[in-house]
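Position one of the sequence shown corresponds to residue 0 (numbering that gives the first Met the number 0), numbered consecutively onward. Beta carbons: idealized from backbone N, C-alpha and C, even for Gly. Computed from a predicted model, the values in this text were never measured in an experiment.
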Amino acid sequence: MTFQELQPKVIAITKNDTSTRDEKLLSICKLLNESVDYYNWVGFYFANHETKTLHLGPYVGAETDHTVIPFGKGICGQVAESNANFVVPDVAAQDNYIACSFTVKSEIVVPLFVNGVNIGQIDIDSHVIDPFTEADERFLEFVNEEIAKLF
């Protein structure tokens, strides 16, 4: 399924009045995980700016021990500080990478902004080296813009 075909499905999930916010987030994780072959782990982390930590939200994929990540640590922690997308074509070449699983070969993290504040991020791992393109970034920015309306 193309990103263009996925966009209305994302909107439909966010507009579902019978689901809680976390149920909507989990539904989006499932949709992306099932619809994009190289999206092997899809989840959200949310920022606690007082403690400067990220906390795992809804996700789909292998279990992770990384339920709390300090700002600055790993790819997610760096995005919490930089407020910028981070694409890692090959995690083995990244110094500040937190290994979740030996099967993960690449990662993309896109920040989630609400009223100009980075409140979290969508994090996607892939078992493929260098699958993420600018199209992934633009699509995930769209996803986060729709999710921001839930806050």
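Between which residues of its own chain and residue i is the CB-CB distance below 6 angstroms, once the five residues before and five after are set aside?
{"i": "Asn117", "result": "Asn82 and Pro110"}
{"i": "Phe131", "result": "Val86 and Ile107"}
{"i": "Phe70", "result": "Lys51, Gly76, Ala79 and Glu80"}
{"i": "Leu25", "result": "Pro57"}
{"i": "Phe150", "result": "Val113"}
{"i": "Tyr37", "result": "Ser125, Val127 and Pro130"}
Is it true that the CB of residue j sits closer than 8 angstroms to the CB of residue i?
{"i": "Lys148", "j": "Thr13", "result": "yes"}
{"i": "Glu49", "j": "Asn84", "result": "no"}
{"i": "Gly119", "j": "Tyr44", "result": "yes"}
{"i": "Val67", "j": "His54", "result": "yes"}
{"i": "Phe2", "j": "Ala92", "result": "no"}
{"i": "Cys28", "j": "Val41", "result": "yes"}
Counting only the same chain and skipping the five closest in sequence on each side, list residues whose C-beta sits under 8 angstroms from that of residue i.
{"i": "Gln6", "result": "Phe138 and Phe141"}
{"i": "Ser18", "result": "Ile12 and Ser26"}
{"i": "Asp89", "result": "Lys104, Ser105, Ile128 and Asp129"}
{"i": "Leu30", "result": "Leu5, Lys8, Val9 and Ile12"}
Short of 7 angstroms in beta carbon distance, which residues of its chain neighbour residue i, apart from the five on each side in sequence? Order them along the chain.
{"i": "Thr102", "result": "His126"}
{"i": "Asn15", "result": "Lys23"}
{"i": "Asn164", "result": "The chain is shown from 0 up to 150; residue 164 falls before or after that span and cannot be answered."}
List the DSSP bridge partners of residue i.
{"i": "Pro130", "result": "Paired residues: none, contrary to the question."}
{"i": "Pro110", "result": "Gln120"}
{"i": "Val87", "result": "Glu106"}
Between the stretch 136-145 and the stretch 58-68, can you find at least three pairs of beta-carbon atoms closer than 8 angstroms?
no
Which full runs of the beta strand (DSSP E) of 3+ residues lie inside the stretch 17-82, going along the chain?
40-47, 52-59 and 67-69
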